[in-house]
Amino acid sequence: MISHQPLQKADFGAIYDQPDPRAYFLTLEPYDYVIAQHGADLFSRLLQARGPTDVRRQRILDVCCSYGVVATLMKTGLDVAALTEHYRTAAAQDLTREQLIEADRRLLQEASVPGRADVIGLDVAANAVDYARATGALDAGVIENLEVDPPSAELVALMSDVDLITTTGGVGYVTEPTFDRLLDVAHEGVWVASFCLRTYDYDPVINTLEKHGLTTERLSQTFPQRRFTGPAEEKWALDRVRKNGADPTGKEATGYYHAEFYLSRPACEVERLPLAQLLPERSEFSMSDL
Ligand SMILES: C[S@@+](CC[C@H](N)C(=O)[O-])C[C@H]1O[C@@H](n2cnc3c(N)ncnc32)[C@H](O)[C@@H]1O
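This note's numbering puts the sequence shown at residues 92 to 381.
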């Protein structure tokens, strides 16, 4: 299910729009795909730091939401390894899609954590979004490509209550047009929290968000995303990282893609409480954390 081209990022497109998430988790498992976990942890900490709204649950728009992976992690407190095990069992039992939806609904109810946020998903993969809506991982979901089209009336209406826009594993697929179109219809005060691989340049997104009045800060630590699929991908990634002016030593040179974490907020909020105080950094990850 992976397509290897010479000297470029491996293409996992075939697992993004399956009828259910089994192939997604089981194909990515050998590569320790763990960025969704880092995302769920940091996004939960951000919502806590932001504080509850008076009248409703906090609301996230997860861009490139896939099968509701980040939503499920945040709503259950489970980790990627536990979800992978859940889907491995489902694959062994040869559950139908409907049976797996039922199993996921039960999992989301039984493992539900208190004070969870509502999650709206945005992705181009119709099967994935439909699946996540059916299980309840997503409270709402839209299948749209904001790289090329403006947001639908449904998305515009949903955006009016979004407190936090998030993405893991998405930047590169989504670029400044997507963020620009979302910020056009977001309410003042929305935050944007993104993980971006060091093989990509996040500056164009930062500049776009700046035009909407948001100031971006970056954590100094980086987050492992997944292992390289082989030497060709590794060479491509290390070359790209060096070209972007970064040093792969101790990061990509250990065999893993690394992502930076960026948070964009209204300038006055950044001034009042810089990111370093909002999210005091934990020690750098060691591979044993994976
Ligand atoms: C690497 S997966 C990340 C999924 C999930 N966020 C995670 O971390 O597990 C990338 C996702 O981006 C989606 N995608 C690709 N192009 C997109 C676009 N233009 N707009 C929205 N989603 C897109 C794919 O369908 C896929 O679900």
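Just so you know, even glycine gets a beta-carbon here, dropped at the ideal spot from N, CA and C. Since we're looking at a predicted model, the values are computed, not measured.
DSSP three-state call for His73: helix, strand or coil?
Residue 73 lies beyond the range of the chain shown here (92 to 381); nothing can be said about it.
Please say whether Ala223 and Gly168 have beta carbons closer to each other than 8 Å?
On the sequence shown, position 77 is the one that residue 168 refers to. On the sequence shown, position 132 is the one that residue 223 refers to. No, the Cβ-Cβ distance between Gly168 and Ala223 is not below 8 Å.
Taking the C-alpha atoms as reference points, what is the distance between Tyr107 and Asn236?
Counting from 1 along the sequence shown, the entry for residue 107 is found at position 16. Counting from 1 along the sequence shown, the entry for residue 236 is found at position 145. Distance between the alpha carbons of Tyr107 and Asn236 is about 14 Å.
In chain order, which beta strand (DSSP E) runs of at least 3 residues are fully inside the stretch 277 to 349?
Within the stretch 277 to 349, the complete beta strand (DSSP E) runs of at least 3 residues are 282 to 288, 305 to 309, 314 to 318.
Going by beta carbon distance, what residues of the same chain come within less than 8 Å of Leu370, once the five residues before and after it are set aside?
Residue 370 sits at position 279 when you count from the first residue of the sequence shown. Excluding residues within five positions, the ones whose Cβ falls inside 8 Å are Leu133, Arg136, Leu137, Ala140, Leu310, Leu354.
Which same chain residues, not among the five before or five after Leu249, have their C-beta less than 8 Å away from its C-beta?
Position 158 of the sequence shown, counted from the start, is the residue given in the question as residue 249. Hits under 8 Å: Leu152, Ile211, Ala231, Val233.
Report, in whole angstroms, the separation of the C-beta atoms of Arg150 and Ala208, which I expect to be a contact under 8 Å.
Counted from its first residue, the sequence shown places residue 150 at position 59. Counted from its first residue, the sequence shown places residue 208 at position 117. Right, the Cβ-Cβ distance comes to about 6 Å (below 8 Å), so this counts as a contact.
Once you ignore the five residues that flank Asp292 on each side, which residues in its own chain have a CB closer than 8 Å to its CB?
In the sequence shown, counting from the first residue as 1, residue 292 sits at position 201. Result list for Asp292: Asn335, in chain order.
Return yes when the C-beta of Ile126 is under 7 Å from any heavy atom of ligand 1, and no when it is not.
For this step, residue 126 is matched to residue 35 along the sequence shown. For ligand 1, at least one heavy atom lies less than 7 Å from the Cβ of Ile126.
Among Val125, Gln109, Arg113, Asp111, which has the Cα closest to the Cα of Arg318?
Against the sequence shown, residue 318 aligns to sequence position 227. It is Val125.
From the DSSP output, in three-state form, read off Ala101 for me.
On the sequence shown, residue 101 is found 10 positions in, with the first residue counted as 1. Ala101 falls in the coil class under three-state DSSP.
On the DSSP bridge assignment, give the partners of Ile151 in chain order.
Along the sequence shown, read from residue 1 onward, the residue named residue 151 stands at position 60. According to DSSP, which records beta bridges pairwise, Ile151 is partnered with Val210, Leu255.
From Val220, Leu174, Arg188, pick the residue whose C-alpha is nearest to that of Leu199; which is it?
Numbered from 1 along the sequence shown, position 108 holds the residue referred to as residue 199. Selected option, being the one with the closest Cα: Leu174.
For Gly232, list the residues DSSP reports as bridge partners.
Along the sequence shown, one-based indexing puts residue 232 at 141. Answer is Gly212.
Relative to ligand 1, is the shortest distance from any of its heavy atoms to the C-beta of Tyr353 smaller than 7 Å?
Locating residue 353 in the sequence shown gives position 262, where the first residue counts as 1. Not so, every heavy atom of ligand 1 lies at least 7 Å from the Cβ.
Just grab the DSSP bridge partners of Leu119 for me.
Residue 119 sits at position 28 when you count from the first residue of the sequence shown. For Leu119, which the question treats as bridged, DSSP gives no partner whatsoever.
Do Ser203 and ligand 1 come close, with the Cβ less than 7 Å from some heavy atom?
Along the sequence shown, one-based indexing puts residue 203 at 112. Not so, every heavy atom of ligand 1 lies at least 7 Å from the Cβ.
I'd like to confirm something about Tyr348: is its beta-carbon nearer than 7 Å to some heavy atom of ligand 1, or not?
Here residue 348 is taken as the residue at index 257 of the sequence shown, counted from 1. No, since every heavy atom of ligand 1 falls outside the 7 Å radius drawn around the Cβ of Tyr348.
Do you know whose CA, among Ala367, Thr163, Ile256, lies nearest Arg272's CA?
Position 181 of the sequence shown, counted from the start, is the residue given in the question as residue 272. With distances taken between Cα atoms, Arg272 lies closest to Ile256.
Between Thr163 and Arg196, is the Cβ-Cβ spacing less than 8 Å?
Locating residue 163 in the sequence shown gives position 72, counting from the first residue. Locating residue 196 in the sequence shown gives position 105, counting from the first residue. No, these two residues do not count as a Cβ contact at 8 Å.
Note down, in chain order, each residue of its chain lying with its Cβ closer than 6 Å to the Cβ of Trp282, except the 5 sequence neighbours on either side.
Your numbering for residue 282 matches position 191 in the sequence shown. Contacts found: Leu255, Arg356.
How big is the Cα-Cα spacing for Asn298 and Arg333?
Numbered from 1 along the sequence shown, position 207 holds the residue referred to as residue 298. Numbered from 1 along the sequence shown, position 242 holds the residue referred to as residue 333. Their backbone Cα atoms lie some 22 Å apart in a straight line.
Using CA atoms only, rank isn't needed, just tell me which of Val154, Arg179, Cys156, Glu372 is closest to Leu117.
For the purposes of this step, residue 117 is taken as the residue at position 26 of the sequence shown. The shortest Cα separation from Leu117 among Val154, Arg179, Cys156, Glu372 belongs to Arg179.
Alpha carbon to alpha carbon, how far is Thr57 from Pro241?
Nothing can be reported for residue 57, as the shown portion of the chain is limited to 92 through 381.
DSSP three-state call for Leu369: helix, strand or coil?
Residue numbering aside, residue 369 sits at position 278 when the sequence shown is read from its first letter. In this structure, Leu369 counts as helix in the three-state DSSP scheme.
Give every residue of the same chain whose Cβ lies closer than 8 Å to the Cβ of Pro110, excluding the five residues on either side of it in the sequence, and list them in chain order.
Counting from 1 along the sequence shown, the entry for residue 110 is found at position 19. Answer for Pro110: Arg188, Asn218, Tyr222, listed in chain order.
When burial is assigned at 16 or more other CB atoms within 10 Å of the CB, is Pro121 buried or exposed?
Position 30 of the sequence shown, counted from the start, is the residue given in the question as residue 121. With fewer than 16 other Cβ atoms within 10 Å, it is exposed.
Whole angstroms is fine: what's the gap from Lys342's alpha carbon to Lys166's?
As a first step, residue 342 is located in the sequence shown; it is residue number 251 there, counting from the start. As a first step, residue 166 is located in the sequence shown; it is residue number 75 there, counting from the start. Using only the alpha carbons, I get a separation of about 30 Å.
From the DSSP output, which residues share a beta bridge with Val204?
Mapped onto the sequence shown, residue 204 falls at position 113. Per DSSP, none; premise fails for Val204.
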